[in-house]
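Chains A and W, in that order, give the protein sequences.
Its first residue numbered 2, the first sequence is counted upward by one per residue in our numbering.
Its first residue numbered 2, the second sequence is counted upward by one per residue in our numbering.
Number of protein chains: 2
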Amino acid sequence: MNKILVVDDERHIRELIKIFLEPEGFRFIEAADGVEALSVLDTEKIDLAIIDILMPKMDGYSLCKEIREYYDLPVLMVTAKSETRDKVAGFDLGADDYLTKPFDPQELVARVKALMRRYEINYSGHIEIGSVRMDRKAYTVTVAGNEPATWPMKEFELLFTLAGSPGRTFSREALIESIWGFDFEGNERTLDVHIGRLRDKLPEGKSGIRIRTIRGVGYRLETAS
Amino acid sequence: MNKILVVDDERHIRELIKIFLEPEGFRFIEAADGVEALSVLDTEKIDLAIIDILMPKMDGYSLCKEIREYYDLPVLMVTAKSETRDKVAGFDLGADDYLTKPFDPQELVARVKALMRRYEINYSGHIEIGSVRMDRKAYTVTVAGNEPATWPMKEFELLFTLAGSPGRTFSREALIESIWGFDFEGNERTLDVHIGRLRDKLPEGKSGIRIRTIRGVGYRLETAS
DNA sequence: TAGCTTGTTCACATTGAGTTTACAATTGTG
DNA sequence: CACAATTGTAAACTCAATGTGAACAAGCTA
């Protein structure tokens with residue numbers, strides 16, 4: 002699914018943005034300032050950034066400039082007042098769109114989706130692969146025309162991650178971090194167990210997909226040949 | 002992209018390192034001594050550090066120790082002479098690899114890449130040579146239009162290393178270090194066996210490449226004439 | 001409370017990648 | 001050529017990585 006980076010020094014604003022966009026099926030990474038944001042961009046694949054202009058350490062303008070230079074993703078700028086001067090500066094630095102606080106939730110959602118579309122990012126509240134359809138909003142999985150079923154969270158997230166980049170090999174660490182977070186301290190076997198359950202629920206013949214073990218590396222989802 | 006911290010009091014050495022590594026697509030942050038380096042590490046997300054041992058204010062040893070304690074990134078130590086004592090001290094303090102001035106540019110590049118790979122830093126990912134295509138993300142190898150195949154890790158890494166610098170002769174030690182790490186304690190023959198398996202999988206006519214033995218030195222991958 | 005569902009852990013089975021072995025083949029050198 | 005060093009390779013072996021059934025724990029619901 003799509004990951005959005007929210008950069009704002011006020012935690013409460015970040016929360017607000019998340020609350021509005023979460024129901025649309027986005028995932029979030031937060032950063033409190035530009036420096037933090039850049040370090041996130043270096044490690045995570047981000048699809049879109051929502052950036053406040055006024056921040057400590059590195060302001061939104063500089064951040065935007067950096068992003069333009071080294072990355073390729075749409076930037077939505079947010080600021081407290083709709084000062085024309087700021088607007089111009091924002092666009093000059095390559096922000097793709099602009100929004101002023103306080104913003105209308107629906108407008109935020111609309112603009113984000115529009116940007117995603119414009120950048121041709123497969124906006125994915127849902128994924129289709131093989132004969133499997135996943136709907137992140139409803140948390141349901143449909144296999145080969147069966148009734149949509151609500152799956153356990155971990156299983157859903159795991160499949161969603163794998164199915165989000167079919168053909169790509171995910172290291173065990175990457176998967177664990179993606180599903181459980183970087184500070185997972187549990188048992189190694191847990192991942193295998195969930196993979197096993199996914200395999201049970203997705204017989205190759207029915208689902209048209211297969212989860213392949215890459216020994217010593219991790220797992221990969223591929224379409225059944 | 003990946004950021005490398007270069008710590009050396011001689012500006013000209015820093016420049017040199019940059020010149021060699023820049024074409025590989027890395028970004029750089031420089032520091033003239035250990036203290037400066039630490040302050041950089043505090044603000045920037047660094048993927049790898051190249052550190053000279055002899056420096057004012059805080060020498061490479063102390064810096065390395067600090068890094069080990071508070072950060073998690075591979076360290077490549079550089080020094081003027083290959084004194085055995087220094088080498089030991091370097092490894093003792095947790096340097097991941099070691100290089101002596103004057104160094105061979107290609108060796109520098111190879112070691113940096115190897116470290117990145119070993120640390121699972123996502124270093125750019127696909128290689129095409131002859132009719133062979135390697136995709137590091139998917140962990141697959143495609144030979145002459147066949148289906149992409151999943152190869153065992155060691156074979157993949159070995160070929161990836163060789164194919165990453167076609168025409169360059171890798172010493173056996175360099176290859177072993179690159180694939181198994183500098184502390185490999187196994188049998189000499191292991192490398193040959195894997196080379197043999199690669200050759201089986203890459204018939205010269207089909208693949209358009211050949212792995213040549215350089216007796217007394219190591220191996221080299223070249224495009225079939 | 002009992003009875004589900006979900007997530008995790010454990011113990012044990014299984015497998016195959018990676019390594020070693022043992023010997024053959026090749027190359028370089030005096 | 002003789003012979004020593006180096007490399008190639010088939011086959012056996014080994015063990016860590018993975019698969020799996022079952023049990024357990026926690027939370028929710030009826």
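Glycine included, every Cβ here is placed at the ideal spot set by N, Cα and C.
- A straight line joining the alpha-carbon of SER40/W with that of TYR220/W spans about 42 Å.
- DSSP, read as helix, strand or coil, puts VAL218/A in coil.
- Rounded to the nearest whole angstrom, the CA to CA distance from ARG211/W to LEU160/W is 11 Å.
- If you look at LEU203/A, you'll find it isn't in any beta strand (DSSP E); DSSP assigns it neither H nor E.
- Counted as a single uninterrupted DSSP element, the stretch harbouring ARG137/W is not any beta strand (DSSP E), since DSSP gives it neither H nor E.
- For ARG173/A and GLY165/A, the gap between their C-alpha atoms comes out near 16 Å.
- Within the DSSP secondary-structure output, LYS19/A pairs in no beta bridge.
- For LEU160/A, the enclosing alpha helix (DSSP H) has its first and last residue at 154–165.
- Using a Cβ-Cβ cut-off of 7 Å, ARG69/A is close to nothing in chain W; its nearest Cβ partner there is about 14 Å away.
- When PHE157/A, PRO153/A, VAL133/A and ARG137/A are compared, the shortest CA-CA separation from ASN147/A is found for VAL133/A.
- The beta carbon of ALA225/W sits closer than 7 Å to those of GLY131, GLU205, GLY209, ILE210 and ARG211, all from its chain and outside the five residues before and after it, given in chain order.
- Not one beta carbon of chain A lies nearer than 8 Å to the beta carbon of LYS114/W.
- Per the C-alpha coordinates, the member of VAL79/W, GLU67/W and ALA32/W positioned closest to LEU55/W is VAL79/W.
- Partner residues in the beta bridge of THR101/A, as assigned by DSSP, are THR80/A.
- When DSSP states are grouped into helix, strand and coil, ALA175/W belongs to the helix group.
- Scanning chain A for C-beta atoms nearer than 7 Å to the C-beta of TYR72/W yields nothing, as the closest lies near 12 Å away.
- Between the alpha carbons of LEU42/A and VAL110/A lies a distance of about 22 Å.
- In the structure shown, ALA33/W adopts coil according to DSSP, grouped into three states.
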